[in-house]
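Residue numbers (the numbering used here), protein chains in the order written: chain A, 1135 to 1439; chain B, 1135 to 1439; chain C, 1135 to 1439. A quick write-up on the structure given underneath.
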Amino acid sequence: MLPFPSLISSTQLTPEIIDSIFKVTDDMADQIETSGRIELLDDKVVALLFFEPSSRTMMSFQSAAQRLKAGMVFAQNASSTSFEKGESLEDLIRMVESYSDIIVMRHAQPGSAAIAAETSKVPFINAGDGGNEHPTQSLIDAYTIFKEKGRLDNLKIMFGFDSLQSRSIHSLTKLLSQYENNHFTFTGPGELMPSQTMLDELTSNGVTCELEAEVKLHDGYDVAYVNRLQQERFEDPALFEENRLKYRLLKADIEGSECAILDPLPRIDEIATEVDDLPNAVYFKQASYGVPVRMALLAMLLGKA
Amino acid sequence: MLPFPSLISSTQLTPEIIDSIFKVTDDMADQIETSGRIELLDDKVVALLFFEPSSRTMMSFQSAAQRLKAGMVFAQNASSTSFEKGESLEDLIRMVESYSDIIVMRHAQPGSAAIAAETSKVPFINAGDGGNEHPTQSLIDAYTIFKEKGRLDNLKIMFGFDSLQSRSIHSLTKLLSQYENNHFTFTGPGELMPSQTMLDELTSNGVTCELEAEVKLHDGYDVAYVNRLQQERFEDPALFEENRLKYRLLKADIEGSECAILDPLPRIDEIATEVDDLPNAVYFKQASYGVPVRMALLAMLLGKA
Amino acid sequence: MLPFPSLISSTQLTPEIIDSIFKVTDDMADQIETSGRIELLDDKVVALLFFEPSSRTMMSFQSAAQRLKAGMVFAQNASSTSFEKGESLEDLIRMVESYSDIIVMRHAQPGSAAIAAETSKVPFINAGDGGNEHPTQSLIDAYTIFKEKGRLDNLKIMFGFDSLQSRSIHSLTKLLSQYENNHFTFTGPGELMPSQTMLDELTSNGVTCELEAEVKLHDGYDVAYVNRLQQERFEDPALFEENRLKYRLLKADIEGSECAILDPLPRIDEIATEVDDLPNAVYFKQASYGVPVRMALLAMLLGKA
């Protein structure tokens, strides 16, 4: 059981709650391994409302629902349906809540998740509301670190390469700032470094932060969390090209270190494929944790775990 | 059991048949409440062919199928598939009937449902064929009135605000004209009043009809069934704007009356959100009845209820 | 059980393997008939990745999965998702393999299936990779012939009307060339006759091949396998029109003969609808075999049959 009916923001995730979700996640991962699918939610229907396409999050929620034998309803071609005829989000949620027992929604509009959760009579999960929040991703990221390092405190973590605009980095750093003695090094093109506001907030929560143009992962880093640079963020194509080649993890940067490499994916150029075979490369494992973490959330919000 | 293999038109729905469907619907609503999902159709596969996007009808049929534990197959992106390569509807149905045990279809072409039902070897449900028919919507509307008022006869009903082009109003008025002593008042912009043909048909079936520019719901109305005005129906934007504000139910129009407010949704401007909290506002309840009504139809057409 | 983890090409399908798949297919067809759905794969999740729309293949795989009570995950609107952000096919497969127990993929790129199967840790089925291969279609075609004629050798078969560019004809002729004493007559517009390479390969495998401008099916043909002409293959619209009317099976061409008519569908003009009532017309039966054949493949590749 969780102390809230809906998961909207990673700020709801205290260490105690995270701990309880991780325990259920471990159990779910075991169940996938031993049984493939379990009957836990076979009396429930999950609504998947993806108003923005998102293959990764969508498929991982589908898999979570199917592994729990829940029924699924989903909007076909959500963006081109009657949802666009001017109907309010509140009205839409009042409809969908009567078709399902829990609603998972991705929506382009920041803040839409809070509105939907407030309206809904059934539990609600935010699967990403614009640039605002994506709390299930934070949980997956934190779970991956926990499985690799056995702790969420006393970590030396590198974040790159676009910390400014990454919902994933914003949420994960905030989540980890609740734990003792963490140290974050941000790297990447100068214009994509985290905002001063973000740094101040992390610092005031007790995290040591620094910005570096270059980082040596062999210098005792526990984790590197990287994402791709997006061309559309650069006015000058030549500058994008330069940064694309510069901010790129190679085998030599990692091999022999204790540093676990995470990436919310899709991976474009930020990690060379030669890295994939290193034991440090945990980004595909991280993607796979999406299923048990989301199974845990569905089950807990429905009072079944 | 129903005396026909396929539901194409609301003209198939006699009072006796409606009564039997409502009894099964009550039972399905109870089952959702007590069990969430039941095994009734777990040996069946339902095909959902939505050639026009329709989130509401689509999701409610999905929910009905999933609550009965039926399998589902559906065309991904129906309008952009091989269905458009020039294949006939008959050929398409001959294919889909071999993939499923019952077919639910929405199609833009009036009359397509009759062609499909005629071709299909498996039961067929019309989920809307252009401006022609949408019989499951009529059943949901009638069921809502029955639950609110306990009868389908001796009703004083207001219909607005576009009775001319509304498939829902055409079908529901026709269905209700089978019952004794009903009185319909149509209101809305003059150009969107029902056709003389429609009025003549209703009158010849014994319904008293009148057209009014303005209606007071406190004057003994049992039901108000309203839909939105569609901008594209007005050549003059200013005229649309004027009518949009004029034909709009406010709290004061309704509060204290016995009048149940129905709307096939989506709701745009035709009902102010301040109405939502009144006990008269049954439009979201109406949407929720889509699931048990469609469960009843699926089960009955498959000989399982 | 099959001697390979993934089905990529019809060249994997030896007579012995085909025989074992047909036996399981017969069993699956019986199970559909008697039970509707069976629990065989209810502990498995099937991923359906359709990067090209394909209603027929998609729905038939869905039906196969649902009749076996497998869970399903699928990309909503695959072509417009993050899959297009530049992520490699290998990365995509590494993600989807962690969401499912078997992957079915259709992809526009010839050769993509081999890359995906090579990457995937879970079994993989090629549901069409561009103009390259579509092995499940070949199996369905061969199964249809086997059910109609009781054999895959000693057959006199007409192929038309576009043998040059048809993935189905390429794969089926190759598959059948493994059997003794088959004779193929190709017909159609001169520019759509099979390539010399294809003819040489068939001949070197022992098939007698000939090209004919016109074919009399009453002359002892066992099977006619036809497909539609595609307008876009003709530069001159008048030439298309001429060929469209010329290469078209009529009732008189077939009635009274022993020739079974197959078509991978959709059927446009290549078979007149007056043919549909003849016992020779087996193309809809052929479409229906898609379900048990694909059930057999899913079950066998998952070690369950």
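All residues carry an ideal CB built from backbone N, CA and C; glycine is no exception.
Counting the other Cβ atoms within 10 Å of the Cβ of Ala1386 of chain A gives fewer than 16, which makes it exposed. By the Cβ neighbour-count rule, Pro1244 of chain C is exposed, with fewer than 16 other Cβ atoms within 10 Å of its own. Secondary structure note for Glu1408 of chain A: it is in no alpha helix (DSSP H), with a DSSP letter that is neither H nor E.
With the rule of 3 Cβ pairs closer than 8 Å, the segment 1405-1415 of chain A does not count as touching the segment 1148-1157 of chain A. Judged by beta-carbon spacing, Ala1199 of chain A lies beyond the 8 Å limit of Met1192 of chain A, meaning their Cβ atoms are not closer than that value. Partner residues in the beta bridge of Glu1346 of chain C, as assigned by DSSP, are C:Thr1321. In the DSSP assignment, the residues bridged to Lys1290 of chain A are A:His1317. Neighbours of Gln1271 of chain A in chain C, taken as residues whose beta carbon is under 9 Å from its own, are absent, since the nearest beta carbon is some 13 Å off.
With 16 or more other Cβ atoms from the protein chains shown falling within 10 Å of its own Cβ, Glu1267 of chain A counts as buried.
A Cβ of chain A is located within less than 8 Å of the beta carbon of Glu1221 of chain C. In the DSSP secondary-structure assignment, Arg1240 of chain A is bridged to A:Phe1184.
A contact is defined here as three or more CB-CB pairs under 8 Å, and the segment 1152-1168 of chain C fails this definition with respect to the segment 1224-1232 of chain C. When the Cα atoms are used, Leu1436 of chain A and Ser1234 of chain C turn out to be separated by approximately 23 Å. Look at Arg1171 of chain C: its C-beta is under 8 Å from a C-beta on chain B.
With contacts defined as CB atoms closer than 8 Å, Glu1314 of chain C and Ala1394 of chain C fail to qualify as a contacting pair. The Cβ-Cβ distance between Ser1140 of chain B and Ser1254 of chain B falls below 8 Å.
Pairing Asn1288 of chain A with Asn1339 of chain A, the inter-Cα distance amounts to about 14 Å. Residue environment: Pro1413 of chain B is assigned as exposed (fewer than 16 neighbouring CB atoms within 10 Å of its CB, all protein chains considered).
Inside the segment 1365-1415 of chain C, DSSP marks whole beta strand (DSSP E) runs of 3 or more residues at positions 1394-1396, from first to last along the chain.
Taking the Cα of Ala1242 of chain B as reference, the smallest distance to any Cα among B:Pro1187, B:Ile1142, B:Pro1323 is reached at B:Pro1187. Met1434 of chain B: member of the alpha helix (DSSP H) spanning 1424-1435, first to last residue.
A residue is called buried once 16 or more other Cβ atoms fall within 10 Å of its Cβ, and Pro1137 of chain B, having fewer, is exposed.
Using a Cβ-Cβ cut-off of 9 Å, Lys1178 of chain C is close to Gly1170, Arg1171 of chain A, given in chain order.
Secondary structure at Ile1259 of chain B: strand, using DSSP grouped into helix, strand and coil. Between Phe1295 of chain C and the set C:Asp1275, C:Val1256, C:Phe1374, C:Ala1251, the nearest pair of CA atoms involves C:Phe1374.
In this structure Pro1323 of chain C touches Asn1377 of chain C by the C-beta definition: roughly 5 Å separates them, less than 8 Å.
In the DSSP annotation of this structure, Met1327 of chain A is not part of any alpha helix (DSSP H), being labelled neither H nor E. Per DSSP, the unbroken alpha helix (DSSP H) holding Tyr1277 of chain C starts and ends at 1269-1283. Within the same chain, Cβ atoms closer than 6 Å to the Cβ of Val1238 of chain C are found at Leu1182, Phe1195, Ile1259, Ala1261, the five residues on either side in sequence being excluded. If you look at Val1360 of chain B, you'll find it in the beta strand (DSSP E) that goes 1357-1360. DSSP, reduced to helix, strand and coil, places Leu1174 of chain A outside both helices and strands of the structure shown, so it counts as coil.
Looking at the DSSP output, Gly1205 of chain A bridges to A:Val1179. Within the segment 1135-1177 of chain A, no beta strand (DSSP E) run of at least 3 residues lies entirely inside it.
Take the alpha-carbon of Gly1284 of chain A and the one of Ser1300 of chain A: they are about 25 Å apart. Residues of chain A whose Cβ lies closer than 7 Å to the Cβ of Ser1422 of chain B are, in chain order, Ser1232.
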